[in-house]
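One structure below.
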Amino acid sequence: MSMEMEKDTKTRGEEQQETTAATVEPLSPISQLFLSPTLYCIIIFTLGFQTRCNPSSIIEGIKNTWIKFPRFSCKLEMKKNGKPIWVPTTFRVEDHVIVPDIDYSNIENPDQFVEDYTSNLANTPMDMSKPLWEFHILNIKTSNAESLCIGKLHHSLGDGMSLMSLLLAISRKTSNPEALPTTAATRKRVDTNINKDNWWLVRRFWFMIRVMFTTFIELFKYILTLCFMRDTKTPLMGKGKRNIPPRKIIQRIISLDDVKLVKNTMGLKINDVLLGITQAGLSKYLCRKYDEDKVVEKKKLLDKIRLRGTVIVNLRESAKIEDLANMMAKGSKSRWGNFVGLVIFPIWIRSEDDPLEYVRRAKSTMDRKKLSVESLICYQVIKLAMKILGEKVVETLVRRIFDHTTLAFSNVMGPDEETSFFGHPMSYVTASALGGSQALIIHYVSYVNKIIINLAIDTTVIPDPHLLCDDLVESLNVIKLAASEKAVHKMEV
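Numbering (our numbering), first residue to last: 4 to 496.
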């Protein structure tokens, strides 16, 4: 390295220390859990580009934006009391942006190559002695992109909403390079006539009673799950290994317009439809598995299955694009980091003649979960328990939740307009959080008119992950067809 480059690196490191020293904080309780050996959690995300990727532009863009956010220019160190803290450090961005030397001309199946590369990256432990992020640039054309940027981050850096906010903050609209991208953010409806209603006080009181009762019931189920209540042993159930199982990551793109058609026809939320698709797809997969095993009375067997998922819930009040983009700014009201709760969601496993029943059941269950505040209580209990009982006890309790349930599920809404990443127009974006002992992790991420299904699977439990992914896609097609017929019927009536 030349003297000028050494001087430049040293200066950049000193600037990072000056800008981050005042803002670095100890890890939050949730972030500490993600560092534990049995809950070790990382995030793998993929950006598909419409053009060939220029590594120099990516490196320069990261220098000007990414590393200005404190946690991305820090490493983890243990204090004398054993508590981890973020410590500013000097490093070269070039060491974190990896361009592998690959002869792409000899690759017969680019999609399979990317799948294998991503899975291998997910199963490789991170170097904890340096900032916990890295980018891998693959100038390989796949069926959905001209080139790819695969990122790997430790989950202690932040949750899905934090990292999506970071992506939004450093991205720009393709149509307007100076403008932030937009998202279909959920805005709370305000009833301006509430005070004009003479019964508003009674309704508010009844609402509070329902919230307390529903929360009590859901927390009681939580306690039962912690103590002894396990999911039924199915071909999807993990083995409850002590170590994190190796996982294979596969992706599939579906149409957001198809999901919206079902949403609008049935008057639901997008999340309700995605949960309905998940229930239908898993039911279809298990139905086939029991066919292979020649199980008699297959329908009755499905009716007896208890299968639940842990759903990650964002606890931030605001989801507006401006708040997301400003989340990293000092004094921002939106919270950076891991501010999420955990909800145990029962999955409707049945052989239904009416495919729309899966979506109705999803909405019914989600409405009950929204009425409950179990996710917020879960977050607060973990914080309190970490202080009183210690990390090891809380780690054991959280581990039991994952061991006693079958899968993890999350849904993140991305940009709804064409977006560029450091001058590279994106064709899609997807991500997956890998941690815990569950054999199946399902993430849905939207981008413009697409939704990307991202499955992280323990192939020792589920040896045919592409078949499972096909079942999810086929379930959307069947549900969309049923919704279309329902819409036509309404118009005729």
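Don't be surprised by glycine CBs; every beta carbon is placed ideally from N, CA and C.
Check your understanding: Is Ile256 closer than 8 Å to Lys453 when the C-beta atoms are compared?
Key -> Inclusion of Lys453 and Ile256 in the CB contact set at 8 Å is warranted, their separation being smaller than that value.
Thr433 - partner residues in DSSP beta bridges: Thr433 is bridged to Thr49.
- Could you give the residue range of the alpha helix (DSSP H) that holds Val205? For Val205, the uninterrupted alpha helix (DSSP H) run begins and ends at 203-230, by DSSP.
* To do: Rank Ser286, Val448, Thr54, Lys390 by C-alpha distance to the C-alpha of Lys144 and give the top, closest one.
  => In this structure, Thr54 is the residue among Ser286, Val448, Thr54, Lys390 with its C-alpha nearest to the C-alpha of Lys144.
The stretch 467-484 / the stretch 74-82 touching (three or more Cβ pairs under 8 Å): Short answer: they don't touch.
task = Run the CB neighbour count on Pro134, radius 10 Å, all protein chains shown included, and call it buried at 16 or more, exposed below.
result = Pro134 counts as buried, since at least 16 other C-beta atoms from the protein chains shown sit within 10 angstroms of its C-beta.
Beta-carbon spacing of Gly344, Leu374 below 8 Å: No, they are not a contact pair.
Q.
Just to confirm my understanding: we take Met167, look at its own chain, exclude 5 residues before and 5 after, and list those with CB closer than 6 Å. What are they?
A. These residues qualify, in order along the chain: Val415.
query = Roughly how many angstroms lie between the CA atoms of Val481 and Pro349, to the nearest whole one?
reply = Here the C-alpha atom of Val481 lies approximately 22 Å from the C-alpha atom of Pro349.
query = At which residues does the beta strand (DSSP E) containing Gln254 begin and terminate?
reply = 251-258 is the span of the beta strand (DSSP E), which, as asked, contains Gln254.
Between which two residues does the alpha helix (DSSP H) containing Tyr43 stretch? Careful: Tyr43 lies outside any alpha helix (DSSP H) and carries neither H nor E.
message: Suppose you measure from the CA of Thr218 to the CA of Ile455; what does that come to, to the nearest Å?
response: Looking at the two C-alpha atoms, the distance is approximately 32 Å.
Counting Cβ pairs, one atom from each stretch, are 3 or more of them under 8 Å apart for the stretch 44-58 and the stretch 392-404? Output reads no: the stretch 392-404 does not touch the stretch 44-58.
Problem - Beta-carbon gap between Pro468 and Lys251 smaller than 8 Å - result: Lys251 sits close to Pro468, with the two beta carbons spaced by under 8 Å.
- Would you mind stating whether Met240 and Thr409 have Cβ atoms separated by less than 8 Å? Contact: yes.
Check: Should Thr463 be labelled buried (16 or more other beta-carbon atoms within 10 Å of its own) or exposed?
Finding: Burial check for Thr463: the Cβ neighbour count within 10 Å stays below 16, so the residue is exposed.
Next item on the list: For Val314, name the three-state secondary structure that DSSP assigns.
Entry: The answer is strand: DSSP assigns Val314 an E or B state.
Measure the C-alpha to C-alpha separation of Gly243 and Leu443 and round it to an integer number of angstroms.
Separation of Gly243 and Leu443 (C-alpha to C-alpha, rounded to the nearest whole angstrom) is 12 Å.
**Request:** Pull up the distance between the alpha-carbon of Asp306 and that of Leu285, whole angstroms please.
**Result:** Cα-Cα distance, rounded: 13 Å.
| said: Assuming contact is defined by CB atoms lying nearer than 8 Å, are Phe52 and Ser150 in contact in what I supplied? | reply: Yes, Cβ-Cβ distance for Phe52 and Ser150 is below 8 Å.
In whole angstroms, what is the alpha-carbon distance linking Leu318 and Met215?
Those two C-alpha atoms are separated by around 18 Å.
_Going residue by residue through the stretch 148-179, where are the continuous beta strand (DSSP E) segments of at least 3 residues, counting only ones entirely within it?_
Fully contained in the stretch 148-179 are the following beta strand (DSSP E) runs of length 3 or more, in chain order: 150-157, 174-176.
Q: Measure the beta-carbon distance from Arg175 to Thr422 and round it to whole angstroms, keeping in mind my assumption that it falls under 8 Å.
A: Sure, about 7 Å apart at Cβ, within 8 Å.
Checking 8 Å against the spacing of the C-beta atoms, do Ser159 and Leu30 come in under that value? Their beta carbons are under 8 Å apart, which means Ser159 touches Leu30 by this criterion.
Taking the C-alpha atoms as reference points, what is the distance between His157 and Ile70?
-> Roughly 15 Å between the two C-alpha positions.
Suppose you measure from the CA of Tyr225 to the CA of Val316; what does that come to, to the nearest Å? Roughly 16 Å separates the two Cα atoms.
Could you please give the first and the last residue of the uninterrupted alpha helix (DSSP H) stretch that includes Tyr120?
Its alpha helix (DSSP H) spans residues 113-125.
Inset, instruction - In angstroms with no decimal places, state the Cα-to-Cα distance between Glu181 and Ile173. - result: Each residue's CA atom was taken as its position, placing Glu181 and Ile173 some 11 Å apart.
Asn142: which of Ser258, Ile61, Asp370, Pro466 sits nearest, CA to CA? Of Ser258, Ile61, Asp370, Pro466, the residue nearest in Cα terms is Ile61.
Practice problem: Alpha carbon to alpha carbon, how far is Met129 from Lys13? Give it in angstroms, no decimals. | Solution: Interpretation of Lys13 is limited by its pLDDT of 42, a score under 50 that renders its predicted location unreliable; no figure is taken from the coordinates.
* Asked: Taking Cβ positions, are Met3 and Asn457 nearer each other than 8 Å?
  -> In the structure as shown, the chain starts at 4 and stops at 496, and residue 3 therefore has no counterpart that could be examined.
Can Val362 and Gly279 be called in contact, C-beta distance under 8 Å? Cβ distance < 8 Å, so Val362 and Gly279 count as in contact.
Margin query: If contact is defined by three or more beta carbon pairs under 8 Å, each pair taking one atom from either stretch, is the stretch 103-116 in contact with the stretch 204-212?
Written below: Because the criterion of three Cβ pairs below 8 Å is not met, the stretch 204-212 and the stretch 103-116 do not touch.
Among Leu227, Glu488, Val117, Leu204, nearest to Pro358 - alpha-carbon criterion
Ranked by how close their Cα comes to the Cα of Pro358, the residues Leu227, Glu488, Val117, Leu204 have Glu488 in first place.
Just to confirm the assignment, what range does the alpha helix (DSSP H) spanning Phe405 have? 394-407 is the extent of the alpha helix (DSSP H) around Phe405.
Practice item. Answer yes or no: do Thr439 and Leu42 have a C-beta to C-beta separation smaller than 8 Å? Key: Per the sequence shown, residue 439 should be read as Gly rather than Thr. Their beta carbons are under 8 Å apart, which means Gly439 touches Leu42 by this criterion.
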